[in-house]
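Before any comments, here is the structure.
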Amino acid sequence: MSSFQMQSNEMLARLKPFGISFEKSLNDLIKGIRSHFKESPESLRDFLDNAIEECKNELTTTDLEVKATAVLKLAYLEMYGFDMSWCNFQILEIMSSSRFQQKRIGYLAAMQSFKNEKDLLILATNQFKKDLSSHNHIEIGLALSGIATIVTPNLAQDIVDDVLVKLTHSKPYIRKKAVLALFKIFLQYPESLRSSLPRVIEKLDDEDIAVVSATITVICEISKKNPNIFIAYLPKFFSILGETQNNWLIIRILKLFQSLLKVEPRMKKRILPSIIDLMSKTEATSLVYESISCIVNGGMLSPDSSKDKEIAKECITHLVSFFVKGDANLRFVGLIALISILKIYPDFMHKVNGVSGYVMSSLEVKDTIVMKKALEVCQFLVTEDNILELIRVLLLQLVPDESSVHVPENLKLEIVFKILQIASKDNYANIPNFNWYVTVLKDVVNMTLLPVDTDGSPNSAPALSKRASDIIARKLGTEFKSVATKVPSLRPYLMRKVVFEFVTDKRVLQYSPLLMRDIYWLMGEYVSELGITDDDSDDEDEEALNAALGYKIQMLNTIVNSYVDKKLAGPSQFIISELLIKLPNPEVQVTLIPALVKLYSDLVAEYTDNYAQQGKLPLQHYGQLAYFLFKSIKFLENFEQNGDYEVQERALSWLEFLRISMDAMGGADLPWIKKLELDEIAYYKKQVAKKVADNADSDYEEDDASDSESDSSSEETDDEDEEEEESVEEESPKSEEDQSQVDTEAAQELLDSSDQEIPHLLTSILPSFFKGYTLNPVAASAQKMIELPDDLDLDIPINTPPSYCVIDDDPLDMLYSDEESEDDAPPEKEENKKNDEEATRERLERMKDDPFYITPSDKKGRKQKTQLLPTPSEKAGSETPSEKNSLVSLDELAKRETKKSKKMKKHKVTVLSEESLGGDVPNQPTEEGSADSKKKKLNKLLISSSNLDNFDINSSPVEVTEGKADEYDVDLDALREQLAEKEKKRQAKEAKKKKKASEKSKSKKKVKELEVTGEHSLKGEEAKQTEAAEEPKKSETNEVSLTNNEVSTDQQAVEVSLKPKTKKKKKKAVILD
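Heads up: the sequence shown is residues 1 to 1073, going by UniProt numbering.
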């Protein structure tokens, strides 16, 4: 078999000079991957594994052509995630080939595979030097490309001189590549700038324009990190700007000036006239844009200078042509430059003709990139006259068009933030009608937080992630609270159109519970404003005033009627109440509990104002209040065992008060409570029966409209429906009879009684908990401005604790008590310890039954509960972009907004300002700023330019520090210390082994001596002979051990290279043992 393989190898070697080869090429590999990709992933994986095995076998041959083909295939397979660093030395071998095709393959693989390996880069450095000294300029260019990609700090230090030599090469191709390769060397080894920078600056006078352009590019990139290096060469750059006619070179010089102006603003007087003249003469739009960018971003425009304002207006006139041409790319770059100017001169938005129109048109386009840029300056666009149109345009952008299903999440988030920023500008100074603004906020909720309801499926999932939905819910909830707090006249409309509708809508609670947290806060805080109207109110306001009590009762029943659902024992009629009990958001429940108590307190005040006569209520209304209180108690009892400590504590606190109030009203067994409970249950049973009958009728109509084949089945369903209706009709008279009996019994019990007086707990004490002070808007940073009082000392105890609560021993003394010996302790301390132990024992027994005393055994449980409380950082949350759809159609929204804009009435309202303690309120960080402040991830494929940040070319040169961990330098001293420690450990192990061997030999000796004394005298002679034979062996082992000790002690003084010899002697000694 081996002879056949030899013959086949010889045959293949003979055929290769004629171009006949049987190895798979790269084309064969690609065709195989495509064919197996169509079959299955398993077949593709097997094919790739076989291809890598073939490449490994090909790399073992001596033919460089076969090796080069194998390396080329491995370089292609690296795109599929296969590592090829295991063949780096074969790659280096191919790089050293004399054939250019093979050398190019080696350099390509080296650029992909070399990852700062120590031994490999030592050999690669020599190969780079050899190729740089080649007579073939193509090989030199190949080596320069490889150096620019693989360069490391140590490689840069070794190769920089060889690259500098190529700056004077006769070929412009080599000079250009040498300049570009030096840029990568400067990034890794900045110290080379001291000697190399003058040589690089000389290339600005090169006769070839490509070399000059490459040099300017390198200087421009370095100046972005450290522009101070090139301040001395400003005249040279300015002369090139005046002489050259190459637009690309001019653009690079303008970018260079933009970096240099940050450290040398005095050059503005010299270069600004030239840039303006260049901008007016050229027809290239790219050069016009770069000229404007250099003026704006270079800091040449000052807000206080009138000349700079004229220059800015001239720049805007040039930018107008970008918008007129209609090209999307020109519109985008023109908008970027226009935004930069508007940030310096915001008043140009309305003073310069056409600017506001261009920004508004950019907001209406469907290009999200252009629209995001326009959103950056739309706050400068808003006025009292155009705010309606501006917000209408932004709302329309939240509605997806026909081509796209959803609006991007980040775009929705930016639009919502911008709407709130525009509306709240200057303390809502531009809002013409706050009723309209509340409607806008409702539309934002419908289009972002709630799902789409196009096909009649209200339970469809929203297109917004939970995190993004929470962000928008927090922002909108805060805005609702801010508007309600600052605009008192808006509260009745807000309660009627927002709070009432959201409280009774289960979708808001299902998809955005965090918004309901703020809605419930508004419900509890301003529920008394629900029935208040102005003198100029219309018919709708009068109806709302008359129905205010009905709104409040409906909100209360919506929240607390889970008790009625349990009594019905059927399909849930109050889904919101069930959702509130099982809600996984404790922060919503924490707000809901006091809001519910406030709602009931307002109901008591409403009943008292409307129905009380001489401080007493009729029995019917008194019973209704008692029944509302009874249902509220039943609802709050669901939170007694809540997992959140804050929810449980609030529920228990209010339950105690409400139960006391219930007892004051007559207890839960009050006849009116039972009567109203039965009435309510009977009413909802009728509603359920009516729904079942309606569903049966609808089924009957659908069956009649069906085909003749399904007639028999439809008749059966109709019979079943009729039976169900008959059963319902049979049950309903029974319930009516039972109800009539209960009514007569209750009426007989209540005939003798008279009107009841509401307990003082509900009329006076309960309202005093909430209405002690007026709630005014306060600045967010007002508390930070409160100065610490001079007479405040937080270390002084407020009250002196009782004697039985004080322990004389200091805890710090207890910690250091171990340092003192027991003999030195005086007898007084021992007596004090005994007295303290007795006092603590008596105190614990006395406080055992005290409910306000927490024993030490409860500390563990208390800590576990406190961990359930959300921290402020958890409540704040990071705000990130989001995405969602709207309930409002595009046409309806456009019609509605246009109608409102025509008939909008400007209402004069009082907007309260935020209270502070004097001084300017510092700006709070916004979500947009926090999002931009996130550090960008560094690209691992690019060389970091951080080494140039603090480099000073005028300072004294610093020697290169020792090699890093990823370089090929080796610390020999550390290596010697490591080897010495290993040698010490080895000697300690050898000493233990020798002790054990000596102990074993002694034990054997004693056994043999005992055997000799018991044996015959003849055997004693044989024993003497055996001992005589063992003595030379022991002497040999002792000699070997001594020599071993001598070698090991000498090893501490010799170099590392002598270590293998000691190992061999150690092995010999072990064999002898």
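Backbone N, C-alpha and C define an ideal beta-carbon position, used for all residues, glycine too.
Taking the alpha helix (DSSP H) that residue i falls in, what are its first and last residues?
| i | result |
| --- | --- |
| Asn776 | No alpha helix (DSSP H) contains Asn776, which DSSP labels as neither H nor E. |
| Trp521 | 513-526 |
| Trp86 | Taken as a continuous stretch (DSSP letters only), Trp86 belongs to no alpha helix (DSSP H), as it is neither H nor E. |
| Gln620 | 619-636 |
| Lys309 | 306-324 |
| Ser239 | 234-243 |
| Thr62 | Unbroken run through Thr62: none, as it is neither H nor E. |
| Pro400 | Looking at the DSSP string, Pro400 is not in any alpha helix (DSSP H), and its letter there is neither H nor E. |
| Phe380 | 378-381 |
| Asn247 | 247-260 |
| Arg331 | 328-344 |
| Tyr289 | 285-297 |
Please classify residue i: is it buried, with 16 or more other beta-carbons within 10 angstroms of its beta-carbon, or exposed?
| i | result |
| --- | --- |
| Met814 | Low local confidence applies: a pLDDT of 43 at Met814 is under 50, so the model's placement there is unreliable, with the coordinate-based value given in what follows. So Met814 counts as exposed. |
| Gly643 | exposed |
| Asn446 | buried |
| Gly531 | buried |
| Gly334 | buried |
| Asp669 | exposed |
| Thr485 | buried |
| Trp86 | exposed |
| Met665 | buried |
| Thr383 | exposed |
| Val66 | buried |
| Ala124 | buried |
Among the options, which residue has its Cα nearest to the Cα of residue i?
| i | options | result |
| --- | --- | --- |
| Ala429 | Leu411, Ile415, Val483, Pro408 | Val483 |
| Glu525 | Leu592, Arg270, Gly550 | Leu592 |
| Ile185 | Ala210, Ser97, Thr152, Thr244 | Thr152 |
| Leu413 | Leu395, Asp401, Glu264 | Leu395 |
| Glu529 | Gln573, Asp602, Glu479 | Asp602 |
| Lys224 | Phe380, Ile253, Asn435, Gly623 | Ile253 |
| Leu761 | Ala839, Glu842, Asp277, Glu656 | Glu656 |
| Met371 | Pro346, Asn410, Tyr345, Ile387 | Asn410 |
| Trp672 | Arg659, Phe635, Leu619, Arg650 | Leu619 |
| Asp565 | Tyr611, Lys685, Gln614 | Lys685 |
| Glu376 | Lys351, Phe348, Phe417 | Phe417 |
| residue 1126 | Asn610, Lys506, Val487 | The shown model of the chain, from 1 to 1073, leaves out residue 1126, and the question about it has no answer. |
| Leu234 | Asp505, Val263, Glu501 | Val263 |
| Pro584 | Ile391, Lys567, Leu556, Ser512 | Ser512 |
| Ser97 | Phe82, Met79, Leu580, Ser134 | Ser134 |
| Val212 | Phe230, Ser192, Lys177, Glu191 | Lys177 |
| Arg331 | Val352, Tyr358, Lys307, Phe348 | Tyr358 |
| Arg659 | Lys552, Glu649, Ala980, Glu637 | Glu637 |
| Asn126 | Leu92, Ala595, Ser145 | Leu92 |
| Leu390 | Val407, Asp401, His406, Ser362 | Ser362 |
The ligand COA heavy atoms versus the CB of residue i: any closer than 7 Å?
| i | result |
| --- | --- |
| Val564 | Within the structure as shown, the ligand COA is missing, as the structure has no ligands at all. |
Spell out whether any CB of chain D is found under 8 Å from the CB atom of residue i.
| i | result |
| --- | --- |
| Thr61 | Note that chain D does not occur in the displayed structure, where there is just one protein chain. |
What do you reckon, are the CB atoms on residue i and residue j nearer than 8 Å?
| i | j | result |
| --- | --- | --- |
| Arg104 | Leu164 | no |
| Leu121 | Tyr76 | no |
| Ile240 | Leu204 | yes |
| Thr69 | Glu58 | yes |
| Ile150 | Phe114 | yes |
| Val560 | Ser632 | yes |
| Ile251 | Ser286 | yes |
| Gln258 | Asn228 | no |
| Ala148 | Leu187 | no |
| Leu515 | Leu476 | yes |
| His137 | Tyr189 | no |
| Leu256 | Cys220 | yes |
| Tyr607 | Leu629 | no |
Beta strand (DSSP E) segments (min. 3 residues) lying fully within the stretch 171-219
none
Report the start-end ranges of each alpha helix (DSSP H) in the stretch 408-438 that is 4 residues or longer and not cut off at the edges.
409-423
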